[in-house]
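J.: Provided herewith is a single structure, encoded as C-alpha cells, for subsequent inquiry.
In the working numbering, the protein residues as written are 8 to 405.
This is how it looks when you write it as C-alpha cells:
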C-alpha cells in the first residue's frame with residue numbers, strides 16, 4: 008500500500024513538472040522584448056547620409072554587401088547613415104576614400120565641426136571628474152617607439168645629409184631598440200616596484216588603483232590636480248584641399264550594438280508594411296561613443312593635456328646600448344599629438360583614454376665598438392610615446 012502511494016505521488020510530481028515545462032511555451036507567455044537604449048548626453052553627433060545607389064559605384068562588392076547586410080531590398084534610394092569615425096576606420100587609406108568624402112554635402116561638412124566646443128567640454132569634464140574624485144579605478148601602461156622608415160635621416164655635424172642612409176638606419180634601428188627596451192618603467196616614474204607587473208612577452212603594466220585613490224601622479228598631466236585644460240585654440244585642424252573636409256577636428260561618433268526586436272510570440276520581429284516590409288527590426292542595446300582630439304604641436308598646447316618629462320632618465324636607458332652608441336644630446340619637437348577616448352554613451356562613463364605624444368627627436372649620437380667607424384652624427388627620427396588609461400566603474404545592483 009505504501010509503495011503504491013509513493014508511486015502515485017511520484018507520478019503526480021512528474022505530471023506537474025511536465026505541465027509547468029510546457030506552460031512556458033504557450034501563447035499566453037509574456038515575451039520579454041529588448042529595450043532600446045539612448046545616449047545620456049546629446050553631443051549632436053554627426054552622421055553622413057549615403058544612398059545605396061551612390062555607394063554601389065564606389066565601394067567594392069564585399070564591403071557594400073557588409074554595409075547593407077541587414078537589408079533585403081537593395082534599392083538605389085535606400086539610405087544609410089555612417090559616422091566619420093566609421094568612414095575612417097573602415098575605409099580610410101583606401102583608394103576610394105576621397106570619392107566617399109566627395110559625396111558629403113557642404114551642409115554636412117559644416118555640421119561636422121559645429122559641435123566641437125561641446126565635445127571638448129564633455130571630454131574635459133569627464134576626465135577631470137575621474138582625476139579629481141577617483142570615482143573610477145585606473146589601470147594604465149605606457150609605451151615608446153621609434154617610427155623607423157623614411158622619417159629617419161642621418162646628417163653630419165654641419166647638417167648635410169650623409170651618404171649610405173640605409174646602412175645608418177639599420178645600425179640605429181638595432182641598437183636604439185636595445186636601448187629603449189625597458190623605457191616604459193622610466194616613463195611612468197615607478198618608485199614602487201611591487202606595483203609593477205611584468206609579463207614576459209607583454210607590455211609592462213600597472214595594477215589598477217583603488218576607488219577614491221589620489222590620481223594626481225597617475226593621470227596626465229602628472230603632478231597637477233586637474234586633467235585636460237584644452238581649449239579650441241589648442242586644437243590642430245587640417246582641411247583636405249580636394250574635399251574641404253576638416254580631417255583633424257574634435258569628432259565624436261556613437262556606435263550602436265543592435266539586437267533583434269521580438270514580436271508577441273517571441274520570434275524575430277519584421278516590418279509588416281512599407282518599403283522595409285519583410286526586413287528584420289533591430290533595436291540598439293548598447294551605445295559607445297568615441298572622441299578623437301588632435302592637439303597643436305606647440306609646447307603650450309601639449310602641456311595642457313600631456314606631461315613633458317626630463318631627459319635624464321632617457322639618457323640612462325640608452326646606457327644599455329653604450330657599447331654601440333652614445334646619445335650625447337637631443338632636442339624634442341612635437342608634431343600633432345592625439346587623444347582618443349571611449350565612453351559608454353548610455354551612462355557617460357569613460358572606458359579608456361589614449362594619449363599619443365608624437366615627436367621628432369634630433370640627437371647627437373656617437374657610434375662605438377663595431378660601429379666606431381661611423382663616428383659622431385646627427386640623427387633625426389620621429390617617435391611616439393603612447394599612454395593608455397583603462398577605467399573600471401563600480402557596479403550597482405539592479
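C-beta atoms are modelled at their ideal positions from N, C-alpha and C, and glycine is treated no differently. Remember, predicted model here, so these are calculated numbers, not experimental data.
Assuming residue 271 contacts residue 288 under a Cβ cut-off of 8 Å, what Cβ separation, rounded to an integer in Å, is found between them?
T.: Your numbering for residue 271 matches position 264 in the chain shown. Your numbering for residue 288 matches position 281 in the chain shown. Going by Cβ atoms, the distance from residue 271 to residue 288 rounds to 13 Å, so no, they are not a contact pair.
J.: Taking only the alpha-carbon atoms, compute the straight-line gap between residue 130 and residue 122 and give it to the nearest angstrom.
T.: Here the question's residue 130 lines up with position 123 in the chain shown. Here the question's residue 122 lines up with position 115 in the chain shown. Distance between the alpha carbons of residue 130 and residue 122 is about 13 Å.
J.: Rank 84, 257, 161 and 262 by C-alpha distance to the C-alpha of residue 351 and give the top, closest one.
T.: Indexing the chain shown from 1 puts residue 351 at position 344. Per the Cα distances, 262.
J.: Threshold first: 4 residues or longer. Then list the alpha helix (DSSP H) segments lying entirely within the region 269-339, N to C.
T.: Runs found: 306-309 and 319-325.
J.: On a CA-only basis, which of 89, 106, 178 and 223 is nearest residue 57? Give me that one, please.
T.: Along the chain shown, read from residue 1 onward, the residue named residue 57 stands at position 50. The shortest Cα separation from residue 57 among 89, 106, 178 and 223 belongs to 89.
J.: Identify which residue in 144, 300, 176 and 143 has its Cα closest to the Cα of residue 128.
T.: If you number the chain shown from 1, residue 128 lands on position 121. Measuring from the Cα of residue 128, the nearest candidate turns out to be 300.
J.: Of the choices 358, 234 and 97, whose alpha-carbon is the least far from that of residue 297?
T.: Within the chain shown, the letter at position 290 stands for residue 297. Answer by Cα proximity: 358.
J.: What span of residues does the beta strand (DSSP E) with residue 126 cover, start to end?
T.: Here residue 126 is taken as the residue at index 119 of the chain shown, counted from 1. No beta strand (DSSP E) contains residue 126, which is instead part of the alpha helix (DSSP H) from 123-140.
J.: In whole angstroms, give me the CA-to-CA distance for residue 259 and residue 39.
T.: If you number the chain shown from 1, residue 259 lands on position 252. If you number the chain shown from 1, residue 39 lands on position 32. The alpha-carbon atoms of residue 259 and residue 39 are separated by roughly 33 Å.
J.: With a floor of 4 residues, list each alpha helix (DSSP H) that falls wholly inside the region 138-185, ordered by position along the chain.
T.: The region 138-185 contains no whole alpha helix (DSSP H) run of 4 or more residues.
J.: Using the rule of at least 16 other Cβ atoms within 10 Å of the residue's Cβ for burial, across every protein chain shown, is residue 32 buried or exposed?
T.: Mapped onto the chain shown, residue 32 falls at position 25. Here the model assigns residue 32 a pLDDT of 41, short of 50, so the residue's position is not dependable, and the following value carries that caveat. By the 10 Å Cβ count, residue 32 comes out exposed.
J.: Measuring CB to CB, does residue 178 end up less than 7 Å from residue 378?
T.: Translated into the one-based positions of the chain shown, residue 178 becomes position 171. Translated into the one-based positions of the chain shown, residue 378 becomes position 371. Yes, the pair counts as a contact, with Cβ atoms nearer than the cut-off.
J.: Per the contact definition of three or more C-beta pairs closer than 8 Å, is the region 326-336 in contact with the region 365-376?
T.: Verdict: yes, contact present.
J.: With burial defined as no fewer than 16 other Cβ atoms inside 10 Å of the residue's Cβ, what is the status of residue 315: buried or exposed?
T.: Here residue 315 refers to the residue found at position 308 when the chain shown is read from its first residue. Result: exposed.
J.: Hey, how far is the Cα of residue 6 from the Cα of residue 367?
T.: What the structure shows of the chain is the stretch from 8 to 405, and residue 6 is not part of that stretch, so it cannot be assessed.
J.: From the DSSP output, which residues share a beta bridge with residue 356?
T.: Start at 1 with the first residue of the chain shown, and residue 356 comes out as number 349. Its beta-bridge partners are 351.
J.: Would the region 109-118 count as touching the region 77-84 if we require 3 or more Cβ pairs under 8 Å?
T.: Flag = no, the region 109-118 and the region 77-84 do not touch.
J.: Which same chain residues, not among the five before or five after residue 381, have their C-beta less than 6 Å away from its C-beta?
T.: Along the chain shown, read from residue 1 onward, the residue named residue 381 stands at position 374. Counting only Cβ-Cβ distances below 6 Å, and skipping sequence neighbours, we find 374.
J.: Just to confirm my understanding: we take residue 216, look at its own chain, exclude 5 residues before and 5 after, and list those with CB closer than 8 Å. What are they?
T.: The residue you call residue 216 lines up with position 209 of the chain shown. The answer, listed in chain order, is 141, 144, 145, 146, 222 and 225.
J.: Using only the alpha-carbon positions, how far apart do residue 153 and residue 86 sit?
T.: The residue you call residue 153 lines up with position 146 of the chain shown. The residue you call residue 86 lines up with position 79 of the chain shown. Their Cα atoms are separated by approximately 43 Å.
J.: Measure the beta-carbon distance from residue 243 to residue 302 and round it to whole angstroms, keeping in mind my assumption that it falls under 8 Å.
T.: Along the chain shown, one-based indexing puts residue 243 at 236. Along the chain shown, one-based indexing puts residue 302 at 295. Residue 243 to residue 302, Cβ: 6 Å. Contact.
J.: Express the C-alpha separation of residue 91 and residue 164 in angstroms, rounding to a whole number.
T.: One-based indexing of the chain shown puts residue 164 at position 157. One-based indexing of the chain shown puts residue 91 at position 84. Each residue's Cα considered, the two are about 45 Å apart.
J.: Can you check which of these residues, 283, 347 and 236, is closest to residue 138 by C-alpha distance?
T.: Residue numbering aside, residue 138 sits at position 131 when the chain shown is read from its first letter. Of 283, 347 and 236, the residue nearest in Cα terms is 236.
J.: For residue 365, which beta-bridge partners are listed by DSSP?
T.: For the purposes of this step, residue 365 is taken as residue 358 along the chain shown, with counting starting at 1. Paired residue(s): 391.
J.: Tell me which residues share the same chain as residue 218 and place their Cβ nearer than 8 Å to its Cβ, disregarding the 5 neighbours each side in the sequence.
T.: Within the chain shown, residue 218 is the residue found at index 211, counting from 1. So the qualifying residues of the chain are 141, 142, 143, 144 and 401.
J.: Could you tell me the distance, in whole angstroms, from the CA atom of residue 106 to the CA atom of residue 228?
T.: Numbered from 1 along the chain shown, position 99 holds the residue referred to as residue 106. Numbered from 1 along the chain shown, position 221 holds the residue referred to as residue 228. Computed Cα separation, rounded: 40 Å.
J.: Identify which residue in 169, 355 and 389 has its Cα closest to the Cα of residue 132.
T.: Reading the chain shown from its first residue, position 125 is the one you call residue 132. Of the listed residues, the one whose Cα sits closest to residue 132 is 355.
J.: Which one of 283, 100, 387 and 364 has the shortest CA to CA distance from residue 306?
T.: Counting from 1 along the chain shown, the entry for residue 306 is found at position 299. The shortest Cα separation from residue 306 among 283, 100, 387 and 364 belongs to 364.
J.: On the CB-based measure, 16 or more other CB atoms within 10 Å of its CB, does residue 67 come out buried or exposed?
T.: Looking up residue 67 in the chain shown gives position 60. Exposed, by the Cβ-count rule.
J.: From residue 278 to residue 37, what distance separates their C-alpha atoms?
T.: In the chain shown, residue 278 corresponds to position 271, counting from 1. In the chain shown, residue 37 corresponds to position 30, counting from 1. C-alpha separation (whole angstroms): 21 Å.
J.: Does the Cβ of residue 311 have 16 or more other Cβ atoms within 10 Å, making it buried, or fewer, making it exposed?
T.: Reading the chain shown from its first residue, position 304 is the one you call residue 311. Per the 10 Å Cβ criterion, buried.
J.: Could you name the residues of the same chain whose beta carbon sits closer than 8 Å to that of residue 41, not counting the 5 residues immediately before and after it, in chain order?
T.: One-based indexing of the chain shown puts residue 41 at position 34. 266, 267, 268, 269, 290 and 292, listed in sequence order.
J.: According to the neighbour-count rule (16 or more other Cβ atoms, all chains shown, within 10 Å of its Cβ), is residue 340 buried or exposed?
T.: Translated into the one-based positions of the chain shown, residue 340 becomes position 333. With fewer than 16 Cβ atoms within 10 Å of its Cβ, residue 340 is classed as exposed.
J.: In terms of DSSP beta bridges, what is residue 345 paired with?
T.: Here the question's residue 345 lines up with position 338 in the chain shown. In DSSP, residue 345 forms a bridge with 301 and 363.
J.: Whole-angstrom Cβ separation of residue 46 and residue 353, contact assumed at under 8 Å?
T.: Within the chain shown, the letter at position 39 stands for residue 46. Within the chain shown, the letter at position 346 stands for residue 353. Between residue 353 and residue 46 the Cβ distance is about 7 Å, and since that is below 8 Å, they are a contact.
J.: Of all the CB atoms in chain D, is at least one closer than 7 Å to the CB of residue 230?
T.: Checking the listed chains, one finds no chain D in this structure; it contains a single protein chain.
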